[in-house]
Amino acid sequence: MDEHDVVEAGTDLLFGDPKSVLKKIGLSILDKKQFEAIFVSAGKTVAEYEKDNTEQNDIRRILFCEETMRLLANEIRKSNSFDWLKDLDRCVNDLLSLSELDSINKARCKKHFEDIVIYQIKKLFPQRYGSYCLGDIHDNVNSLMASAKYSNEMLYKIAELMKQCNDADKQQNKTMHEDWQDKSSYTLHKWHLERVEVDGIFAHKDSYTDDIIKLTETWQKERDEYPGWYIIPYNTAVELSMYTDENGLLQKHETEDIDVMLDFAYELCWRRIKTMLPYSEYEVFHLRQIWDKYYIKIKENAGGSDKIRKWFYIGQILLSCYRESMNWNEWQSLMDILTVYQDSGNNGKVDLMIESAKACYFQLDIPSLRKELDQCDIPEECYEQRLLVIGLELECGKLAESLEKLKQLRQDLNHKLDENNENYYLKSLEASVLQLLSICQQAYSLHKEIYEFKQMGIDEILEEIERKKEFFDRESWKNNVAKELFNHCVDNQFEKETFELNRSTMTICSYSRSGHAEGYQLYKVLEKLGIPFKCGCVTVISDMELSLIASIYNFNNRLGLLLLVRCSSTGTIEKLVNRKFVMDLESGYIDDVIDILINAIEVNIGEIIAMGNGFPEYLAGHIRENVPILLQRFSSRASERMQKKELQFIQRIMSCRNIPPRFEVTQLMDKLLRQISERMKVKLLPLMMETEIVEQVTMHSRVDGSNGIDIFDCYFNKQGLDTLFEEYHVLIDEDVINWLLKDDWKSDYEWKTKVVRLKILDEYHLLNTKQHDEYVKLLWSNIDEKTQLPKLAGYYLWVYETLPYIDESIPKLSVKNYFITNDIAKDSNDLYLKQLTLLCANAELGYWNEKEVLIILNKISKYWYKIAENTANIMFEDNSRKAVYAIAAVLENCNGMISDEAREILIKLANEMNEKGIYTKCFDIFILRDEQWERDVQENIFAMNESQSIDSLRAMEKYIIRYPDSVTTSQMLGKIVELIELRKEPGLLSAIWILHNLVYAKNTVIDTIGIERIDRLLFFLAELINYDNAAMKDIKHCIELRQACAALAFRLFDWKTVNCGKGVEKWREICKSSDEANEVRNQWIW
1 MDEHDVVEAG TDLLFGDPKS VLKKIGLSIL DKKQFEAIFV SAGKTVAEYE KDNTEQNDIR
61 RILFCEETMR LLANEIRKSN SFDWLKDLDR CVNDLLSLSE LDSINKARCK KHFEDIVIYQ
121 IKKLFPQRYG SYCLGDIHDN VNSLMASAKY SNEMLYKIAE LMKQCNDADK QQNKTMHEDW
181 QDKSSYTLHK WHLERVEVDG IFAHKDSYTD DIIKLTETWQ KERDEYPGWY IIPYNTAVEL
241 SMYTDENGLL QKHETEDIDV MLDFAYELCW RRIKTMLPYS EYEVFHLRQI WDKYYIKIKE
301 NAGGSDKIRK WFYIGQILLS CYRESMNWNE WQSLMDILTV YQDSGNNGKV DLMIESAKAC
361 YFQLDIPSLR KELDQCDIPE ECYEQRLLVI GLELECGKLA ESLEKLKQLR QDLNHKLDEN
421 NENYYLKSLE ASVLQLLSIC QQAYSLHKEI YEFKQMGIDE ILEEIERKKE FFDRESWKNN
481 VAKELFNHCV DNQFEKETFE LNRSTMTICS YSRSGHAEGY QLYKVLEKLG IPFKCGCVTV
541 ISDMELSLIA SIYNFNNRLG LLLLVRCSST GTIEKLVNRK FVMDLESGYI DDVIDILINA
601 IEVNIGEIIA MGNGFPEYLA GHIRENVPIL LQRFSSRASE RMQKKELQFI QRIMSCRNIP
661 PRFEVTQLMD KLLRQISERM KVKLLPLMME TEIVEQVTMH SRVDGSNGID IFDCYFNKQG
721 LDTLFEEYHV LIDEDVINWL LKDDWKSDYE WKTKVVRLKI LDEYHLLNTK QHDEYVKLLW
781 SNIDEKTQLP KLAGYYLWVY ETLPYIDESI PKLSVKNYFI TNDIAKDSND LYLKQLTLLC
841 ANAELGYWNE KEVLIILNKI SKYWYKIAEN TANIMFEDNS RKAVYAIAAV LENCNGMISD
901 EAREILIKLA NEMNEKGIYT KCFDIFILRD EQWERDVQEN IFAMNESQSI DSLRAMEKYI
961 IRYPDSVTTS QMLGKIVELI ELRKEPGLLS AIWILHNLVY AKNTVIDTIG IERIDRLLFF
1021 LAELINYDNA AMKDIKHCIE LRQACAALAF RLFDWKTVNC GKGVEKWREI CKSSDEANEV
1081 RNQWIW
């Protein structure tokens, strides 16, 4: 008993019930035993975690021995209940510091040991763990109070410094203003803004009207004094946003007079447009409520003309919001109403025409965008609208026309300024026009390859931009936004101190700007300037494109999607739209995105064909380059409804003619098919068989296009789908079969496409006897003279062994001839090894005779000795493993029946490979297997070396299949399951797939470990291997592990449905979830 327990027992003995003394003594002893058991168990787990037969393993066993763990447990048990975790950390550090473990091992052992102990104490001794949490809360609250005190002190100092700086600036500005007046005829404009103090929503309800009117009058006065900037300076925008707060009064339209609320909403919208900040859902909702209520008044002919003008202005704002959120139903209903009242707004008709064109741009519909722009008849005096139309025409690729229109617009503005030199708005607009003019001139000069010739004119425009920075300074906007985005990125990436309480960090003395707002502001600046992200070969914001799009995507994913399509680099997409990003999205949004992307390709396929193989300079080029990548990535979460749509899209796009090679149609098709379930493919097979045969030539095709692929070259990802064919009663139209069997092909590609489609129909018994015979005849009607095999370009050789034949000796002789005659050492082609490995895996046992095996082993041996001359080559280890696996496959196929000469070659090769760090356990089983080999393999699977661990696992799998009744087989299966239970890396993924392969083959050796144990293992893995626990860097591995688990669960279900438990059922439910990755979901085939 501890000293504390003795004192407490003595007190109870003197003043309490003697029975309670015995009870407490018993409980204390029991607690001590449980506490010791926790540490002993954790120590044993860590000591035995990695069995690599090294000195490090021996050190771990000594450090975490039972005696040391009991001493450590007693030491921690005596600790203060508030500080025991700190003492645990200190003691473990002291223990490890005295050892000779390497630093990586120390860190891993410490984390693993402490995690186990903390979890068990939390479970068995909740009071002790709770005491620590209270102590931690106490420390952190004190830390927060100290931090708040320090912040207050810093705020006071900052305020003092700001006051001093303001006084100095006033004096300096006075001098600068006087100097500037001597050099320019322009007048500096200042805009006085003030903060209006109102209680807003928190005031008494009788004060709402007064507060609304007070804000409206102040804001109207400031609007009347607005200097006239086309685009407000950055610092002024920041100040205006600080002084624009509706204080919750926008929602008071239910009780306040609608005329008062309309004026208030108008002034609020005007200020928000100038700041270019995004509208919240709250603001859009209540603005629409006010707009709808006043519309009722207009229909009753009770609205005044000025009020209707304001109402129309608010409607335009709402149109823009609906467009950016791609809420097309609301957008259309609003547009229909505003079109009726277009004469009530300032340039209402023109503005609505431009809004319609912008809607086509957001819908990625270039043909409709061209049509809308052709219908835009913009009056000469609508300079701002002319600039916006030029920007949209640029997106359609009209660079030369846009350049001429910009020059004309600048000339018209100068004429107008000659008439009225005091119009600050026109001066600001001219400075803005110069920005787009500069970019267009550079793009045009590069396009025509006359940049040097036009350099002087470009320099003159840039100098003019520099002189007119007071009217508009794009660099100031860009630099300030870049700084804010950087600060926001740092804040998000900076690792916060861990703290048990769910708390939020609040910034004192700041307005609501989060980094998202600044990104949106820069986007609006570029929109008002008509500047795309990329114009021709000129990129505008390439250095901050990723951070800008990411910031916008965080609060408006529809607008973010458009910007991803329009981004200048595919690298931006690859960095932002990664697996972690896609897995965090809602399934409904995923489907909407896929719908938008598919529509973008189909609507603009004519534009893509027309532009040929040109570089992606405008919207059509970026749709061609970026949309396929986005579609591939988002399709990893496509629902069944969208998978059906994707298949129909594949059929239509593969039937299109004259698609330029730069648009990688076949690559897109291949990537999409991998994400579509076998169930959906079987279901739509009759439709897909009708796809027109059109050869799609890609940038990677040979001159003759012989590697062009059809849909059915990569249609099914799995074999043995007879159950699905029966379930859906698949029948193919006789006319389609007759069309495929017709011997009228005009090219090798057309012949190959017909043969491949018929091959699938034949495999699943969809051809009758006559049709089968005609298919065989067609298959052997186009033979390669060199190989004497059908010209199925791009197919592995093992496939020929599965084809129906006229003479059975032809395929085997031709296939074997490839391996016997080709000199792999001379060609250094690892395709030989891959072909050989796949052939042995799919051919019948005994395919190779002893003589042939000797020839092949000699070839592989010479190949390896050649690549071993340069072990520094980055591909040496990878190619060596391929050689090992190929040898193992050959030996497995011939059942180890090899000549003495072949055995000597292999023994020598194995020894030399081992000397160079290449593990050969995979084929050692056929030549060097003994008790030592069995022990080594079982221990090596726990090694930290990836090659050693995975090679040993592969060797164990071969041993289990070869010797199913051996006692060692049961031991090996137990080790594999133990590795999975420990979730040991590397090796976990390979171990799960080994169990899957055994279950898939319905190997009864599985019964030695029991279906129940595998089921429990699956349930355990479903809880532990999830996306919440996966960091950004290992989300791909997490998907791979879940994919393997789902495949194992399905095969168990398919084989032993009656014996399956909650583990298999858990994975069945996971595969039904729309939140799961399709790579995982598609493992549950039926």
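Residue numbers (UniProt numbering): 1 to 1086. Just so you know, even glycine gets a beta-carbon here, dropped at the ideal spot from N, CA and C.
- In the three-state reduction of the DSSP assignment, residue 921 falls in the helix class, which pools H, G and I.
- The segment 64-74 makes contact with the segment 28-44, as at least three CB pairs between them are under 8 Å.
- Take the alpha-carbon of residue 1045 and the one of residue 1067: they are about 8 Å apart.
- Scanning its chain for C-beta atoms nearer than 7 Å, with the 5 sequence neighbours on each side dropped, one finds around residue 832 the residues 822, 824, in chain order.
- Look at residue 698 here: in three-state DSSP terms it is coil, with no helix or strand label.
- For residue 678, the enclosing alpha helix (DSSP H) covers residues 678-683.
- Under the three-state reduction of DSSP, residue 367 is assigned to helix.
- In the structure shown, the three-state DSSP call for residue 198 is coil.
- For the pair of segments examined, the segment 1073-1080 was found to touch the segment 1035-1045: the number of CB pairs separated by less than 8 Å reaches three.
- If the five residues before and after residue 366 are omitted, its C-beta is found closer than 7 Å to the C-beta atoms of 396, 604, 607, 619, 620, all from its own chain and listed in chain order.
- When the beta-carbon positions are compared, residue 258 and residue 294 come within less than 8 Å of each other.
- Nearest neighbour of residue 1086 by Cα position, chosen from 722, 313, 360, turns out to be 722.
- Remark: fewer than three beta-carbon pairs, one from each stretch, lie closer than 8 Å, so the segment 813-822 and the segment 866-878 are not flagged as touching.
- Among the bridge pairs identified by DSSP, residue 110 is matched with none.
- In the three-state DSSP reduction, residue 40 falls in the helix class (H, G or I).
- As summarised for the segment 802-858, the continuous alpha helix (DSSP H) elements at least 4 residues long and confined to that stretch are 809-821, 824-827, 831-842, given in chain order.
- Uninterrupted beta strand (DSSP E) stretches at least 3 residues long and entirely within the segment 221-270 do not occur.
- About 14 Å separates the beta carbons of residue 715 and residue 754, which is beyond the 8 Å limit, so they are not a contact pair.
- Looking at the DSSP output, residue 539 shares a beta bridge with 534.
- Counting C-beta pairs with one atom in each stretch, the segment 553-567 and the segment 328-345 have fewer than three that are closer than 8 Å, which means they do not touch.
- Scanning its chain for C-beta atoms nearer than 8 Å, with the 5 sequence neighbours on each side dropped, one finds around residue 907 the residues 927, 928, in chain order.
- The beta-bridge partner set that DSSP reports for residue 986 is empty.
- Within the same chain, and ignoring the five residues on either side of residue 457 in sequence, the residues whose Cβ sits closer than 7 Å to its Cβ are 441.
- In the pairwise beta carbon analysis, the segment 297-307 is classified as not touching the segment 238-255: fewer than three pairs are separated by under 8 Å.
- For the set 363, 485, 527, 596, the Cα lying nearest the Cα of residue 543 is the one of 485.
- In the displayed model, residue 126 falls within a helix according to three-state DSSP.
- For the pair residue 38 and residue 922, the Cα-to-Cα distance works out to about 40 Å.
- Among the bridge pairs identified by DSSP, residue 964 is matched with none.
- Taking residue 949 as the centre and dropping the five residues before and after it, the same chain places the C-beta of 941, 943, 986, 987 closer than 6 Å to its C-beta, in chain order.
- Membership of residue 1038 in the alpha helix (DSSP H) is indicated by the continuous run 1035-1055.
- The C-beta separation of residue 623 from residue 601 comes to about 7 Å, placing the pair in contact by the 8 Å criterion.
- DSSP links residue 790 through a beta bridge to 783.
- A Cβ-Cβ contact shorter than 8 Å links residue 636 with residue 582.
- Counting the other Cβ atoms within 10 Å of the Cβ of residue 615 gives fewer than 16, which makes it exposed.
- Non-local C-beta neighbours of residue 1021 in its own chain, meaning closer than 7 Å and more than five positions away in sequence, comprise 1045, ordered along the chain.
- In the three-state scheme derived from DSSP, where H, G and I count as helix and E and B as strand, residue 455 is classed as helix.
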